[in-house]
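Report on the structure given below.
There are 4 protein chains.
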Amino acid sequence: MSEPSKTPPTSKDVRPGPGRKRSEASRLAILSATRELIGELGYERLSIGGIASRAGVGKDTIYRWWPSKGMVVADAVLEEAQPFYLAPPARSGSVDQDVRAWVHALARDFVDPVRAGRIRAVTAAASEDPATAERLYERFTQVQRTGLIDRLRLAAEAGEVRPDADFGAVVDAILGSLMYWVTARRADLSIASVDSLLDVLLRGLRVAPESEPEPADGRKA
Amino acid sequence: MSEPSKTPPTSKDVRPGPGRKRSEASRLAILSATRELIGELGYERLSIGGIASRAGVGKDTIYRWWPSKGMVVADAVLEEAQPFYLAPPARSGSVDQDVRAWVHALARDFVDPVRAGRIRAVTAAASEDPATAERLYERFTQVQRTGLIDRLRLAAEAGEVRPDADFGAVVDAILGSLMYWVTARRADLSIASVDSLLDVLLRGLRVAPESEPEPADGRKA
Amino acid sequence: MSEPSKTPPTSKDVRPGPGRKRSEASRLAILSATRELIGELGYERLSIGGIASRAGVGKDTIYRWWPSKGMVVADAVLEEAQPFYLAPPARSGSVDQDVRAWVHALARDFVDPVRAGRIRAVTAAASEDPATAERLYERFTQVQRTGLIDRLRLAAEAGEVRPDADFGAVVDAILGSLMYWVTARRADLSIASVDSLLDVLLRGLRVAPESEPEPADGRKA
Amino acid sequence: MSEPSKTPPTSKDVRPGPGRKRSEASRLAILSATRELIGELGYERLSIGGIASRAGVGKDTIYRWWPSKGMVVADAVLEEAQPFYLAPPARSGSVDQDVRAWVHALARDFVDPVRAGRIRAVTAAASEDPATAERLYERFTQVQRTGLIDRLRLAAEAGEVRPDADFGAVVDAILGSLMYWVTARRADLSIASVDSLLDVLLRGLRVAPESEPEPADGRKA
DNA sequence: GACTAACCGAGACGGTACGTCTTGTCTTGGG
DNA sequence: CCCAAGACAAGACGTACCGTCTCGGTTAGTC
Numbered sequence: 001m002s003e004p005s006k007t008p009p010t011s012k013d014v015r016p017g018p019g020r021k022r023s024e025a026s027r028l029a030i031l032s033a034t035r036e037l038i039g040e041l042g043y044e045r046l047s048i049g050g051i052a053s054r055a056g057v058g059k060d061t062i063y064r065w066w067p068s069k070g071m072v073v074a075d076a077v078l079e080e081a082q083p084f085y086l087a088p089p090a091r092s093g094s095v096d097q098d099v100r101a102w103v104h105a106l107a108r109d110f111v112d113p114v115r116a117g118r119i120r121a122v123t124a125a126a127s128e129d130p131a132t133a134e135r136l137y138e139r140f141t142q143v144q145r146t147g148l149i150d151r152l153r154l155a156a157e158a159g160e161v162r163p164d165a166d167f168g169a170v171v172d173a174i175l176g177s178l179m180y181w182v183t184a185r186r187a188d189l190s191i192a193s194v195d196s197l198l199d200v201l202l203r204g205l206r207v208a209p210e211s212e213p214e215p216a217d218g219r220k221a
Numbered sequence: 001m002s003e004p005s006k007t008p009p010t011s012k013d014v015r016p017g018p019g020r021k022r023s024e025a026s027r028l029a030i031l032s033a034t035r036e037l038i039g040e041l042g043y044e045r046l047s048i049g050g051i052a053s054r055a056g057v058g059k060d061t062i063y064r065w066w067p068s069k070g071m072v073v074a075d076a077v078l079e080e081a082q083p084f085y086l087a088p089p090a091r092s093g094s095v096d097q098d099v100r101a102w103v104h105a106l107a108r109d110f111v112d113p114v115r116a117g118r119i120r121a122v123t124a125a126a127s128e129d130p131a132t133a134e135r136l137y138e139r140f141t142q143v144q145r146t147g148l149i150d151r152l153r154l155a156a157e158a159g160e161v162r163p164d165a166d167f168g169a170v171v172d173a174i175l176g177s178l179m180y181w182v183t184a185r186r187a188d189l190s191i192a193s194v195d196s197l198l199d200v201l202l203r204g205l206r207v208a209p210e211s212e213p214e215p216a217d218g219r220k221a
Numbered sequence: 001m002s003e004p005s006k007t008p009p010t011s012k013d014v015r016p017g018p019g020r021k022r023s024e025a026s027r028l029a030i031l032s033a034t035r036e037l038i039g040e041l042g043y044e045r046l047s048i049g050g051i052a053s054r055a056g057v058g059k060d061t062i063y064r065w066w067p068s069k070g071m072v073v074a075d076a077v078l079e080e081a082q083p084f085y086l087a088p089p090a091r092s093g094s095v096d097q098d099v100r101a102w103v104h105a106l107a108r109d110f111v112d113p114v115r116a117g118r119i120r121a122v123t124a125a126a127s128e129d130p131a132t133a134e135r136l137y138e139r140f141t142q143v144q145r146t147g148l149i150d151r152l153r154l155a156a157e158a159g160e161v162r163p164d165a166d167f168g169a170v171v172d173a174i175l176g177s178l179m180y181w182v183t184a185r186r187a188d189l190s191i192a193s194v195d196s197l198l199d200v201l202l203r204g205l206r207v208a209p210e211s212e213p214e215p216a217d218g219r220k221a
Numbered sequence: 001m002s003e004p005s006k007t008p009p010t011s012k013d014v015r016p017g018p019g020r021k022r023s024e025a026s027r028l029a030i031l032s033a034t035r036e037l038i039g040e041l042g043y044e045r046l047s048i049g050g051i052a053s054r055a056g057v058g059k060d061t062i063y064r065w066w067p068s069k070g071m072v073v074a075d076a077v078l079e080e081a082q083p084f085y086l087a088p089p090a091r092s093g094s095v096d097q098d099v100r101a102w103v104h105a106l107a108r109d110f111v112d113p114v115r116a117g118r119i120r121a122v123t124a125a126a127s128e129d130p131a132t133a134e135r136l137y138e139r140f141t142q143v144q145r146t147g148l149i150d151r152l153r154l155a156a157e158a159g160e161v162r163p164d165a166d167f168g169a170v171v172d173a174i175l176g177s178l179m180y181w182v183t184a185r186r187a188d189l190s191i192a193s194v195d196s197l198l199d200v201l202l203r204g205l206r207v208a209p210e211s212e213p214e215p216a217d218g219r220k221a
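Next up, the structure:
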């Protein structure tokens, strides 16, 4: 979940060669110090020097393995990310049940102040460095997005939801809402609101009970 | 749209007193230079000194009137924000038409690279300074949010949409999606996706055609 | 002792014309505030803004009448300089008595901590601004120097001291010693040391008791 | 003549420890740039940033090793101070010859415009910062003072000069005069004046040729 | 008694320098 | 070759003053 990002020793391309091996202790100390300092200072006031000093590590050891502060933060947060929401939703029941259960689990995590702080840190990191954004998207967002989309597609095949909806847009609305609540609105992310949004979305996705003639009016494209 | 932020001369509480008056030319030069530099450098590489130098202004003149880089950016962007999406959606037709028209207009703005860059800048500013976040929320997000919510409430009174939905959550899903697309996903915000999301949401909000028995299953709270 | 230095209303060249007259109250407040702040902060940490604020005066009122911080300090100190050492030494006795009495009076002033602080301030002012140095030399040092030299010349005419000595050099040694003690050596200026120096100098100036054959050896030029 | 002033590695108290060593090249570049800028701008208009920029060095490298502008100037000037006047006067002849030779050498240095400029700079530095004054006194003035006093004391033992004079006061008059000429009087320091002062002082120090009864009159203490 | 010019307080202005902080690189000595 | 320590060049930070420039408001004269 956080191998060297700069020179990833992908399998065999690096000869074991002479020289001291990378210190796992240092790597862990750096990521752990980073998580601590995110909690104490937030992303902006975090500094590479501060992490090195807290971790009892030379600054160069950080620069040797990570290209930027954002990447360190990304790895630090990813390392402790809960595994359950990197797994796709269950397929054992109705879409409603499965999606709701999965989103609830994620939302509960977002509600925790420590986790929310890390989400904000990681968001700030992404917003100032495209490479970090890319990494986070690949390793975090995309996994969730794909999992949810696939579950919806399965439901479509099962005839539970309309097959012609843009599932990507729907999933983005769910994940975007959560992000929006912990970053932009900084407010009370309530489980009730999440639930209510899911109500509307799932109802909107449901196959028309009869021959409802299309949304009809107001469509642009 | 960008009166002094530090000592807002709220109506009459500031006597015209002695001393040179604030230079409107400087204020405009600062905000204009800020917008230019956001486009050229992005928020992170923007510096107070750089703004001052580009604007032909002393750094103190910036620090005298704004408490942080974020606030300068907020004012710079707010000053040129289009007025139409600070106005509420029209009430002249179906909810579908009115909401769609309003969201389209906003989305078209988000698609413009210059505007999108400013949105990202303003988002970064908000994510590193709560005071800036607060200002932006008050002056930008809240206005839009309230406008949309009120339009939905009106529709509820008119029997167009279900009155028991959490309109706040729905609106946050719309605005959150847009934010999410220009910041986190950094991807192609397509009008088609926006439209598709609106389809699902509006359909989900529509009053049940008959005695649909409630979402029923999977509800948590 | 401290008329306007910038635009000295030398007699008649300025028509009395209409317009408000210079405020004597402001002038006094400025010089007085300057003396206070010299005591509290020393010359280096003194600022024009600080003087203006302490004096309850606009900065421009200072800049209108004085060209530099050094000049304000010069005037502030000159205004309260004791008159006795701006008068020449008495001519009522032996050179020894007259010179010693005059130098004692001056030295006693230099020993006072407040006065010594002002001397140091004025010295710093002179060392950073030639115009201030010039003004202080004219109004302070030169007066003393000329007075002492004249007294020694009178003694030479009276046959009390050797007429071929360089009285300027001797007087500079006296005044230079005092300056040196309060500025460079920052040490204990003791009246005893002054006395001892005067012993040596006056003895060295005394006419040779008999046909002493000249210093003879070691002369360079 | 200019080891680190902040953390002087006095012999063994600093373990050689890990970490990059202080760059001698930077140290020399800083002191050399300082001397250049003293000549071009004078002490007052000298700035740390200017020194750093001229030396091709970061500001921090200056602040790391010197506590103030004054100290940098002190080290810069001390480093190129001529060694001869930090050595005591010769003891190879009459006091007259030895003292005169030594003072001439010093005075010739003071006459040189570049050296005089440095003396003025160092004086200004001392006058605005006690710590700098202390350092300069220890490393420069005190050495000269002690050397001269010792030579006079030796002469006293040899019966060349009166043993009861305050040699400190006499030496201060010599050194003070020189300082006074280059700083306060800003005037023509002429070798002739120095010589004349030495005439008077040395004559005044000479043992009374016969039973001269004491200065007698006018003595205070 | 109005006019008018200069002075005054206040304080904003464009600048320069400050001393601190952080960045990313380089160097040293030890493992 | 890795690592901790830490010096280095670069440059942004926010503060303090500089000396200049409006602002209204206040005094004197002169019409």
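Chains as they are written, first to last, in full-length UniProt numbering: chain A, 1 to 221; chain B, 1 to 221; chain C, 1 to 221; chain D, 1 to 221. From the three backbone atoms N, C-alpha and C, an ideal C-beta is built for every residue, glycine too. In this text the structure is predicted, and so the values were computed from the model without any measurement.
Reference residue 61 of chain B, options B/206, B/135, B/22, B/129, closest by Cα: B/22
Under the three-state reduction of DSSP, which class applies to residue 184 of chain A: helix, strand or coil? coil
Ends of the alpha helix (DSSP H) at residue 97 of chain C? 95-111
Through-space distance from residue 204 of chain A to residue 199 of chain B, alpha-carbon basis: 8 Å
Span separating the alpha-carbon of residue 175 of chain D from that of residue 145 of chain D: 8 Å
Mind checking the region 175-186 of chain D against chain C and listing, in chain order, the residues whose C-beta falls within less than 9 Å of any C-beta there? 175, 176, 177, 178, 179, 180, 181, 183, 184, 185, 186
Tell me, please, whether the region 62-73 of chain D touches the region 115-133 of chain D by the rule of three or more beta-carbon pairs shorter than 8 Å. yes
With a 10 Å radius around its C-beta and 16 neighbouring C-beta atoms as the bar for buried, classify residue 84 of chain A as buried or exposed. exposed
Taking any Cβ of chain A, which residues in the region 195-209 of chain B have a Cβ under 9 Å from it, in chain order? 195, 196, 197, 198, 199, 200, 201, 202, 203, 204, 205, 206, 208, 209
If we ignore side chains and look at the alpha-carbon of each, how far apart do residue 17 of chain B and residue 189 of chain B end up? 50 Å
Using beta carbons (cut-off 8 Å, strictly below), is residue 172 of chain A in contact with chain B? yes
When A/80, A/42, A/63 are compared against residue 32 of chain A, the one with the closest alpha-carbon: A/80
Among the candidates C/195, C/207, C/156, C/150, whose CA atom is the shortest distance from the CA of residue 100 of chain C? C/195
Span of the alpha helix (DSSP H) holding residue 148 of chain A? 142-157
Based on the DSSP output, what are the partners of residue 206 of chain D in its beta bridges? D/161
Under 8 Å between the Cβ atoms of residue 123 of chain C and residue 127 of chain D? yes
In whole angstroms, what is the alpha-carbon distance linking residue 197 of chain B and residue 166 of chain A? 7 Å
From the DSSP output, in three-state form, read off residue 20 of chain C for me. coil
Cross-chain neighbours of residue 120 of chain D in chain C, by beta carbon under 7 Å: 127
Closer than 9 Å by beta-carbon distance: list the chain C residues that pair up with residue 124 of chain D, in chain order. 124, 127, 128
By a C-beta neighbour count over all protein chains shown, 10 Å radius and 16 as the cutoff for buried, is residue 58 of chain B buried or exposed? exposed
CB contact flag (residue 95 of chain A, residue 202 of chain A, <8 Å): yes
Closer than 8 Å by beta-carbon distance: list the chain B residues that pair up with residue 141 of chain A, in chain order. 184, 185
Kindly list, in the order they appear in chain B, the residues whose Cβ is closer than 7 Å to that of residue 168 of chain A. 193
Boundaries (first-last residue) of the alpha helix (DSSP H) holding residue 50 of chain B: 48-55
Looking at residue 181 of chain A and the ligand ATP, is the gap between the Cβ and the nearest heavy atom below 7 Å? Of ligands this structure carries none, so the ligand ATP is not represented either.
Any C-beta of chain B within less than 7 Å: which residues of the region 78-96 of chain A qualify? 94, 96
Contacting residues, own chain, Cβ-Cβ under 6 Å from residue 208 of chain D (five flanking each side not counted): none
Consider the Cβ of residue 146 of chain B: report whether some Cβ of chain A lies at a distance smaller than 8 Å. no
Roughly how many angstroms lie between the CA atoms of residue 246 of chain C and residue 159 of chain C, to the nearest whole one? Nothing in the structure corresponds to residue 246 of chain C, since chain C is present only between 1 and 221.
Please confirm if residue 44 of chain B has its CB atom under 8 Å from at least one CB of chain A. yes
Using three-state DSSP, classify residue 136 of chain B as helix, strand or coil. helix
Alpha carbon to alpha carbon, how far is residue 107 of chain A from residue 153 of chain A? Give it in angstroms, no decimals. 22 Å
Tell me the rounded alpha-carbon separation between residue 56 of chain D and residue 26 of chain D. 8 Å
Taking a contact to mean a Cβ-Cβ separation below 8 Å, would you say residue 86 of chain B touches residue 143 of chain B in this structure? yes
Hey, is residue 165 of chain B's beta-carbon within less than 8 Å of any beta-carbon in chain A? yes
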